[in-house]
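Peer 1:
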Amino acid sequence: MFAKILLSTDFSGCSAEAAGMARSLAERFGSRVVVLHVLDEPATLDPMFRGDIPLEMLRSRMDQFARENMDAFLARHFSGFENFDTMLSTGIPYREIIGKAREVAADLIVIGTHGRTGVEHVVFGSTAEKVVRMAPCPVLTVRQGGKQFVYP
């Protein structure tokens, strides 16, 4: 049913629940999981947050931090499961997720959602919502603390 599942992670609690769902589906259907993390381009970060750190140094630190977090995330959520690949990408998250889904020919995208509403949603937007609207395949959004379903 789903030969390839793209799991997008920001290493949050929402992503942890999405990882559990992606792994469960992959085990059920014999799918390969591609675990993707998208780093924001440092040049788009406000100088107030960057300080005086040169962009190349910031990129290097962000990349190292992402790799360390990816390793920890995989150890926590994919231990004992070997049918997966990883990808790190830099750019605007929803665009990268959609682009990588096309690139790997994903049959399903699994993404955690923070469930922001009101002003918070207007200010921050929703990566998950943009992915749902523009994805080349079905998208499963997983909200932290949501109900689990059980296969018969």
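Using the numbering used here, the first residue of the sequence shown is number 34, and each one after it goes up by one.
All C-beta atoms, glycine included, are put in the ideal place defined by N, C-alpha and C.
#1: DSSP puts L88 in a beta bridge; with which residues?
#2: Return the residue from the list S48, K133, C170 and G124 that minimises the CA-CA distance to L107.
#3: Using a Cβ-Cβ cutoff of less than 7 Å, which residues in the same chain neighbour A168 once the five nearest sequence positions on both sides are dropped?
#4: Using 8 Å as the threshold, is the C-beta distance between L121 and R94 below it?
#5: How far does the beta strand (DSSP E) with G145 in it extend, from its first residue to its last?
#6: Given a cut-off of 8 Å on the beta-carbon distance, is the pair D140 and A36 in contact?
#7: Compute the Euclidean distance between the alpha carbons of F44 and L91, then round it to the nearest angstrom.
#8: Can you pull the DSSP bridge partners for D118?
#9: Under three-state DSSP, which class holds F157?
#10: Please check the pair V71 and F117, which I expect to be a contact at CB under 8 Å, by giving their CB distance rounded to whole angstroms.
#11: Decide if P126 is buried, meaning its Cβ has at least 16 other Cβ atoms within 10 Å, or exposed.
#12: Identify the continuous beta strand (DSSP E) that holds I38 and give its terminal residues.
Peer 2: Concretely, from the data shown:
#1: In the sequence shown, residue 88 corresponds to position 55, counting from 1. Beta-bridge pairing links L88 to no other residue.
#2: As a first step, residue 107 must be located in the sequence shown, where it is residue number 74. The shortest Cα separation from L107 among S48, K133, C170 and G124 belongs to S48.
#3: Position 135 of the sequence shown, counting from 1, holds the residue named residue 168. Answer for A168: I131, A134 and I142, listed in chain order.
#4: In the sequence shown, counting from the first residue as 1, residue 121 sits at position 88. In the sequence shown, counting from the first residue as 1, residue 94 sits at position 61. Cβ distance not < 8 Å, so L121 and R94 don't count as in contact.
#5: Within the sequence shown, the letter at position 112 stands for residue 145. Element bounds for G145: L141 to T146.
#6: Here residue 140 refers to the residue found at position 107 of the sequence shown. Here residue 36 refers to the residue found at position 3 of the sequence shown. A contact, by the Cβ cut-off of 8 Å.
#7: Here the question's residue 44 lines up with position 11 in the sequence shown. Here the question's residue 91 lines up with position 58 in the sequence shown. C-alpha separation (whole angstroms): 19 Å.
#8: Position 85 of the sequence shown, counted from the start, is the residue given in the question as residue 118. Per DSSP, V67.
#9: Counting from one through the sequence shown, the residue named residue 157 turns up at place 124. Caution is warranted here: a pLDDT of 45 is assigned to F157, below 50, making its placement in the model unreliable, and no coordinate value can be reported.
#10: For the purposes of this step, residue 71 is taken as the residue at position 38 of the sequence shown. For the purposes of this step, residue 117 is taken as the residue at position 84 of the sequence shown. Wrong, their Cβ atoms sit about 17 Å apart, outside the cutoff.
#11: Taking the sequence shown and counting its residues from 1, the one referred to as residue 126 is at position 93. Label assigned to P126: buried.
#12: The residue labelled residue 38 in the question sits at position 5 within the sequence shown. Looking at the DSSP string, the run of the beta strand (DSSP E) that includes I38 is K37 to S41.
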